[in-house]
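Residue numbers (the UniProt record's numbering), protein chains in the order written: chain A, 1 to 101; chain B, 1 to 488.
A virtual CB, placed ideally from N, CA and C, is assigned to each residue, including glycine.
Notes follow once the structure below has been shown.
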Amino acid sequence: MKEKITREEVAHVAGLAKLSFNDEQLDHFTTQLSDILNIFDTLATVNTENVEPTYSVTENVNILREDVADNWQQKQELLKNAPLEAAGLIKVPAILDEGEN
Amino acid sequence: MTMNYFDHDLTSLHQQLVNKETTATELVQATLDNIKATDDQLNAFITTNPESALEAAKALDKAGQFDNALAGIPLGLKDNMATKGIQTSAASRILKDFKPVYTATAVDKLNAAGAISVGKANMDEFAMGGSTETSYYKTTTNAWDHTKVPGGSSGGSAAAVAGGQVPFALGSDTGGSIRQPAAFNGIVGMKPTYGRVSRWGLFAMASSLDQIGPFTRTVKDNALVLNTISGHDQRDSTSATREVPDFTSKLTGDVKGLRIAVPKEYFGEGIDERVSVTVRAAIAQLEALGATVDEVSLPHTKYGVAAYYIIMSSEASSNLQRYDGVKYGFRADDVKNLEDLYVKTRSEGFGDEVKRRIMLGTFSLSAGAYDAFFKKAAKIRTLIIEDFNKVFEDYDVIVGPTAPTVAYGIGEEIDDPTAMYLADVLTIPVNLAGLPGMSVNAGFVDNLPVGLQIIGKPFDESTVYQTGYAFEQASRLFEKKPDIAKEY
Chain A
1 MKEKITREEV AHVAGLAKLS FNDEQLDHFT TQLSDILNIF DTLATVNTEN
51 VEPTYSVTEN VNILREDVAD NWQQKQELLK NAPLEAAGLI KVPAILDEGE
101 N
Chain B
1 MTMNYFDHDL TSLHQQLVNK ETTATELVQA TLDNIKATDD QLNAFITTNP
51 ESALEAAKAL DKAGQFDNAL AGIPLGLKDN MATKGIQTSA ASRILKDFKP
101 VYTATAVDKL NAAGAISVGK ANMDEFAMGG STETSYYKTT TNAWDHTKVP
151 GGSSGGSAAA VAGGQVPFAL GSDTGGSIRQ PAAFNGIVGM KPTYGRVSRW
201 GLFAMASSLD QIGPFTRTVK DNALVLNTIS GHDQRDSTSA TREVPDFTSK
251 LTGDVKGLRI AVPKEYFGEG IDERVSVTVR AAIAQLEALG ATVDEVSLPH
301 TKYGVAAYYI IMSSEASSNL QRYDGVKYGF RADDVKNLED LYVKTRSEGF
351 GDEVKRRIML GTFSLSAGAY DAFFKKAAKI RTLIIEDFNK VFEDYDVIVG
401 PTAPTVAYGI GEEIDDPTAM YLADVLTIPV NLAGLPGMSV NAGFVDNLPV
451 GLQIIGKPFD ESTVYQTGYA FEQASRLFEK KPDIAKEY
């Protein structure tokens, strides 16, 4: 049976999702995602002409509040959760490769 | 010294506190001792917070104010609800050691009422799973048989209550994650109407479906907890502005004239015959109590799983983009640059089930797939809502089984995601429609509990409780205890 999604497509989606898989994992995910997409196939058989999509069931529209800052003076507590901090800021690696070019 | 919660409901604990027969400190200490005595069997908790719990109990005892029904009563929280200064990991490696700087609104409301959380309960990673086996930290067991799964994703909360460690717990339900573990453990689990309880501080999986709700041993206890955690919150713009009724008001035991609908699709293919028989017997009992029972049809039920897994995974893939190793939580080592940091952190920090759902969601939202998958699923969602609306024109509640089977063995299903997803067929439509749904124990098959699911109209949790209470009081099934009760 033709797979619902190819290995190359799975690799492409992984790139979009910022995930990486080795060859074995890629094979595994391709098989599993194909199986799941087979379940999704049943939806194509339902006539949804003139049916509006539902994205949320909330009754609320545009809940507003006063524009007042609340519970914001927590810099030190927030920094405690950062994996790496320096000089009161969160430290991350270089955006471009270090040592290249 | 341990405390046997099987013999004391919330009302009785409250009376003991008011009458000064016990103290909040004694209850909190006993609850911690309960966990110490039995968690090697249940593995229900990832974290406990004895110091802060005992401190809160002492302050309460000193003030001596036990006016609120939950004041001084200990509880457990699913580990996806933010608790200030206490690790909140969502059972994921990517949030190991993460200590939020704020507390979830539902938890804040419990704190304000004087209830005291003693720990964070195990769950499927980011609430993705139906067996609590996808947790990075541990495998929780069923309170009735420790070789079986507790259900999921709120399996730790359910096992902690059913196993008698705590008098109540909170869970969250996106596609059945409160009701199914409640069913597997023979207790009461309520997923309220979407918007009834604030989601602020609940780590988002699928924002249009997620809802917090209580696990308790009895229906009345459940209504008391929902009374406390419900209500509008300006920090969650989807929380309902409607007035919160007293959810205990219809607990009379009377269901005369109540119109019950039984969807024929809920007893279809894939439902264990013994589960069907048990649930049909429970429905017959409600009929004997004076309710009218008719068979109805919810024709789009069979499309629910597909529509749900597209919508849920799409929302989840978007919500989980925030976990990138920069501001908090786990960060991978040995990275070349910022892009590499994102990819390595996420690949090492997330487990397989989370990755599967991120992949499914990213695919469903990607160019070329959006109309055929995400938008199509949203239209099916409309049809499922219309099915329910039609039935509720003539009926007060819809009842059926909560899950197609009783609890299965640990390790039996985990390698077959497709089978796991299909097992959610009975709970998923309720989330897609945003309705209140509750599971109460309907009886036993091979000494494992079977769940009776009761579904109500939007914001009509009261009638759901009325129905569950009448059945519970007539069946007295909550009096049956698992073997672990002997430990207290």
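Task: Unbroken beta strand (DSSP E) run spanning residue 541 of chain B, endpoints - done: No statement about residue 541 of chain B is possible, as the shown extent of chain B runs from 1 to 488 and does not include it.
- [ ] Note down, in chain order, all residues in the segment 63 to 93 of chain A with a beta-carbon under 8 angstroms from any beta-carbon belonging to chain B.
- [x] 63, 65, 71, 74, 77, 78, 80, 81, 82, 83, 84, 90, 92 and 93
Task: CA-to-CA distance, residue 60 of chain A to residue 239 of chain B, given in whole angstroms - done: For the purposes of this step, residue 239 of chain B is taken as residue 239 along the second sequence, with counting starting at 1. For the purposes of this step, residue 60 of chain A is taken as residue 60 along the first sequence, with counting starting at 1. Cα to Cα, residue 239 of chain B sits roughly 8 angstroms from residue 60 of chain A.
- [ ] Tell me whether residue 6 of chain A is buried or exposed, calling it buried when 16 or more other Cβ atoms sit within 10 Å of its Cβ.
- [x] The count along the first sequence starts at 1 and reaches residue 6 of chain A at position 6. Burial call: exposed.
Task: Reference residue 73 of chain A, options B/138, B/251, B/408 and B/102, closest by Cα - done: Sequence index remark: in the first sequence, residue 73 of chain A carries index 73 (1-based). Among B/138, B/251, B/408 and B/102, the Cα nearest to that of residue 73 of chain A belongs to B/102.
Task: Element boundaries [alpha helix (DSSP H), containing residue 45 of chain B] - done: To locate residue 45 of chain B, count along the second sequence from 1; it is residue 45. Residue 45 of chain B -> not in any alpha helix (DSSP H); beta strand (DSSP E) instead, spanning 45 to 48.
Open item on the list: Can you tell me where the beta strand (DSSP E) holding residue 193 of chain B begins and where it ends?
Closed with: On the second sequence, position 193 is the one that residue 193 of chain B refers to. Counting along the chain, residue 193 of chain B falls outside any beta strand (DSSP E), and DSSP gives it neither H nor E.
Task: Nonlocal neighbours in the same chain, by C-beta distance under 7 angstroms from residue 264 of chain B, ignoring five residues either side - done: Here residue 264 of chain B is taken as the residue at index 264 of the second sequence, counted from 1. Around residue 264 of chain B: 295 and 297.
Open item on the list: Using C-beta distances below 6 angstroms, list every residue in its chain close to residue 258 of chain B, excluding the 5 sequence neighbours before and after it, in chain order.
Closed with: Position 258 of the second sequence, counted from the first residue, corresponds to residue 258 of chain B. Only 291 and 396 meet the Cβ criterion.
Open item on the list: If you follow the beta strand (DSSP E) that residue 542 of chain B is in, where does it begin and where does it stop?
Closed with: Nothing can be reported for residue 542 of chain B: it is not among the residues displayed for chain B, which extend from 1 to 488.
Open item on the list: For a contact defined as C-beta to C-beta under 9 angstroms, what are the partners of residue 327 of chain B on chain A?
Closed with: The residue given as residue 327 of chain B occupies position 327 in the second sequence. The contacting residues are 78, 81, 82, 83 and 90.
- [ ] Assess, as a yes-or-no matter, whether the segment 183 to 203 of chain B is touched by the segment 430 to 444 of chain B under the definition of 3 or more beta carbon pairs within less than 8 angstroms.
- [x] yes
Task: DSSP state of residue 93 of chain A mapped onto helix, strand, coil - done: Your numbering for residue 93 of chain A matches position 93 in the first sequence. Here residue 93 of chain A sits in coil by DSSP.
Open item on the list: Within the continuous beta strand (DSSP E) that includes residue 46 of chain A, where are the two ends?
Closed with: Position 46 of the first sequence holds residue 46 of chain A. Looking at the DSSP string, residue 46 of chain A is not in any beta strand (DSSP E), and its letter there is neither H nor E.
Open item on the list: To test your reading of the DSSP string, which unbroken alpha helix (DSSP H) runs of 4 or more residues are found completely within the segment 274 to 348 of chain B?
Closed with: 304 to 319
Open item on the list: Counting only C-beta atoms, is residue 4 of chain A closer than 7 angstroms to chain B at any point?
Closed with: The count along the first sequence starts at 1 and reaches residue 4 of chain A at position 4. No, residue 4 of chain A does not count as interfacial toward chain B.
Open item on the list: Among the candidates B/322, B/348 and B/110, whose CA atom is the shortest distance from the CA of residue 93 of chain B?
Closed with: Within the second sequence, numbered from 1, the residue matching residue 93 of chain B stands at position 93. It is B/348 whose Cα lies nearest to the Cα of residue 93 of chain B.
Task: Nearest-angstrom Cβ-Cβ length linking residue 19 of chain A and residue 337 of chain B, presumed shorter than 8 angstroms - done: Walking along the first sequence from the start, residue 19 of chain A turns up at place 19. Walking along the second sequence from the start, residue 337 of chain B turns up at place 337. Incorrect: roughly 17 angstroms between the Cβ atoms, too far for contact.
Open item on the list: Tell me which residues share the same chain as residue 341 of chain B and place their Cβ nearer than 6 angstroms to its Cβ, disregarding the 5 neighbours each side in the sequence.
Closed with: Along the second sequence, one-based indexing puts residue 341 of chain B at 341. Once the five neighbours on either side are set aside, the close Cβ partners of residue 341 of chain B are 325 and 335.
Task: Cβ-based burial, residue 201 of chain B [other Cβ within 10 Å; buried from 16] - done: By one-based count along the second sequence, residue 201 of chain B stands at place 201. The residue is buried, with at least 16 neighbouring Cβ atoms inside 10 Å.
Task: One or two residues paired with residue 489 of chain B in a DSSP bridge - done: With chain B covering only 1 through 488, there is no way to say anything about residue 489 of chain B.
Open item on the list: I'd like the list of long-range same chain contacts for residue 75 of chain A, defined as Cβ closer than 8 angstroms, with 5 residues on each side in sequence excluded.
Closed with: Within the first sequence, residue 75 of chain A is the residue found at index 75, counting from 1. Hits under 8 angstroms: 88.
Task: Close-in-space but distant-in-sequence residues of the same chain around residue 299 of chain B (CB under 8 angstroms, 5 per side omitted) - done: As a position in the second sequence, residue 299 of chain B is number 299, starting the count at 1. So the list reads 265 and 387, once near-sequence residues are dropped.
Open item on the list: Determine, for residue 398 of chain B, whether the minimum Cβ-Cβ distance to residues of chain A falls below 7 angstroms.
Closed with: Residue 398 of chain B sits at position 398 when you count from the first residue of the second sequence. Cβ-Cβ to chain A under 7 angstroms: no for residue 398 of chain B.
Open item on the list: To the nearest angstrom, how far is the alpha carbon of residue 312 of chain B from that of residue 176 of chain B?
Closed with: Here the question's residue 312 of chain B lines up with position 312 in the second sequence. Here the question's residue 176 of chain B lines up with position 176 in the second sequence. Residue 312 of chain B and residue 176 of chain B: Cα-Cα distance of roughly 12 angstroms.
Task: Neighbouring residues, chain B, relative to residue 52 of chain A (Cβ below 8 angstroms) - done: Looking up residue 52 of chain A in the first sequence gives position 52. Under the 8 angstroms cutoff, chain B gives 379 and 382.
Open item on the list: Using a Cβ-Cβ cutoff of less than 8 angstroms, which residues in the same chain neighbour residue 12 of chain B once the five nearest sequence positions on both sides are dropped?
Closed with: Position 12 of the second sequence, counting from 1, holds the residue named residue 12 of chain B. Nothing listed; no residue qualifies.
Task: C-alpha distance - residue 73 of chain B paired with residue 17 of chain B, whole-angstrom precision - done: Walking along the second sequence from the start, residue 73 of chain B turns up at place 73. Walking along the second sequence from the start, residue 17 of chain B turns up at place 17. Approximately 9 angstroms between the Cα atoms of the pair.
Task: Which of helix, strand or coil DSSP assigns to residue 75 of chain B - done: As a first step, residue 75 of chain B must be located in the second sequence, where it is residue number 75. Correct three-state label for residue 75 of chain B: strand.
Open item on the list: Let me confirm a value: residue 31 of chain B is counted as buried when at least 16 other C-beta atoms fall within 10 Å, else exposed. Which label applies?
Closed with: Numbered from its first residue, the second sequence carries residue 31 of chain B at position 31. Residue 31 of chain B should be labelled buried.
Open item on the list: Mapping the DSSP letters down to three states, classify residue 489 of chain B as helix, strand or coil.
Closed with: Summary: the structure shown does not reach residue 489 of chain B, with chain B confined to residues 1 through 488, and so no result is reported for it.
Open item on the list: So, with DSSP's three-state summary, where would you put residue 441 of chain B?
Closed with: Within the second sequence, numbered from 1, the residue matching residue 441 of chain B stands at position 441. It is a strand residue.
Open item on the list: Taking the straight line between their C-alpha atoms, what separation do you get for residue 252 of chain B and residue 463 of chain B?
Closed with: In the second sequence, counting from the first residue as 1, residue 252 of chain B sits at position 252. In the second sequence, counting from the first residue as 1, residue 463 of chain B sits at position 463. Whole-angstrom Cα-Cα distance: 11 angstroms.
Open item on the list: Closest to residue 25 of chain A by C-alpha separation, out of B/356, B/419 and B/434, would be which residue?
Closed with: Taking the first sequence and counting its residues from 1, one reaches residue 25 of chain A at position 25. Minimum Cα distance to residue 25 of chain A is reached at B/356.
Task: Continuous beta strand (DSSP E) assignments of at least 3 residues falling wholly in the segment 115 to 155 of chain B - done: 116 to 121
Task: Collapsed DSSP secondary structure at residue 9 of chain B in the structure displayed - done: Numbered from 1 along the second sequence, position 9 holds the residue referred to as residue 9 of chain B. Coil at residue 9 of chain B, not helix or strand.
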